[in-house]
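Student:
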Ligand code: RIB
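Numbering (this note's numbering), first residue to last: 8 to 328.
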């Protein structure tokens, strides 16, 4: 069984269901409020465990009832929570999710205990990180902890694949990016990492992927929602990119679709698959996630299989575009 370590956030999601997103200064009445498990790290850990990997999680929760429930949720998915710390006197991370009737979401996160993830905690998990085929991290915990995890992998490059889902986005140094094997971002995040205006005009995802490879990452996957994903790889003659189309689904909740994508990518890479195969699997898993409510909503493998079959077999090799 493949082993994956996830370093990241654990949140209580407060999900407000609304007909549409509010305008600035507007008050709206929600149709409902649900409390669901979330956090990019926890979502990725749970999805990877459900997809069949042995998963260890590094993260922090508060010593509040939400922390109890979030830990139980991780454990019931089979995630090893031995490196999840309880932080006394601090609330667990909380995410306020607005979910509109078209399935689109917007999220504001109060980090709470997540901001206590530190270098010492990563050091305690060093052996587990190095024994993993894949380390996955996002940016909802302090960057210093993520940077240290990349240093811990250090000489194990090639044995432990480093996947960083740069969400929420921040500008990353070339030396950070050079330690990343696969950088996963959506188009908005890619623009921020490139130093472009986040709400700027639509950019070509292939150009975004190429630009991020040029900044230092070995491989970059740009997720494009209903348009699938574009991936690019470093090559001596310059970055080559390819597109994987998305299968058609009727989305009810896009929350956590990027997390399901990152988890599926990590599982596939941990099983020794090539990046093009891993991206195709991730596109199908991400699409399947949008048909279930909640960031950790169930994903049916039968559904994933049928979605995979509906994606064209041919993925052009990098460089065709
Ligand atoms: O990616 C979705 C997640 O972002 C939510 O579960 C929320 O907790 C925030 O971390």
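C-beta atoms are modelled at their ideal positions from N, C-alpha and C, and glycine is treated no differently.
In the DSSP assignment, the beta strand (DSSP E) including residue 44 goes from what residue to what residue?
Tutor: Its beta strand (DSSP E) spans residues 39-45.
Student: One question on the structure: do residue 86 and residue 56 come within less than 7 Å of each other, judged by their Cβ atoms?
Tutor: It is a contact, given that the beta carbons lie within the stated cut-off.
Student: Going by DSSP, what residues sit across from residue 65 in a beta bridge?
Tutor: Assignment of beta-bridge partners to residue 65 by DSSP yields 14 and 90.
Student: Please check if any C-beta of chain B sits within less than 7 Å of the C-beta of residue 115.
Tutor: Going by chain labels, chain B is absent from the structure shown, which holds only one protein chain.
Student: Alpha carbon to alpha carbon, what distance is there between residue 52 and residue 196?
Tutor: 21 Å
Student: Mapping DSSP to helix, strand and coil, what is residue 128?
Tutor: helix
Student: Using C-beta distances below 7 Å, list every residue in its chain close to residue 173, excluding the 5 sequence neighbours before and after it, in chain order.
Tutor: 146, 179, 190, 192, 196 and 200
Student: Quick check on the burial criterion: 16 or more other C-beta atoms within 10 angstroms. Buried or exposed for residue 69?
Tutor: buried
Student: At the level of alpha carbons, what is the spacing between residue 23 and residue 106?
Tutor: 6 Å
Student: Report the residue from 169, 30 and 298 whose alpha carbon sits nearest the alpha carbon of residue 11.
Tutor: Minimum Cα-Cα distance from residue 11 among the listed residues 169, 30 and 298 corresponds to 169.
Student: Listed by chain order, which residues have C-beta atoms less than 6 Å from any heavy atom of the ligand RIB?
Tutor: 16, 18, 20, 45, 46, 47, 50, 102, 114, 116, 147, 262, 263, 265, 266 and 302
Student: Helix, strand or coil for residue 20? Go by DSSP, reduced to three states.
Tutor: strand
Student: In terms of residues, what are the limits of the alpha helix (DSSP H) holding residue 214?
Tutor: 212-222
Student: Could you give the DSSP three-state label for residue 9: helix, strand or coil?
Tutor: coil
Student: If we count Cβ pairs, one from each stretch, closer than 8 Å, do we get three or more for the region 232-240 versus the region 125-142?
Tutor: no
Student: Looking at residue 248: is its Cβ nearer than 7 Å to the Cβ of residue 280?
Tutor: no
Student: I'd like to check one pair, residue 270 with residue 54: are the Cβ atoms closer than 7 Å?
Tutor: yes
Student: Report the three-state DSSP secondary structure of residue 106 (helix, strand or coil).
Tutor: strand
Student: If you draw a straight line from the alpha carbon of residue 302 to that of residue 116, how long is it in whole angstroms?
Tutor: 14 Å
Student: With distance defined between alpha-carbon atoms, name the residue in 268, 156 and 246 nearest to residue 125.
Tutor: 156
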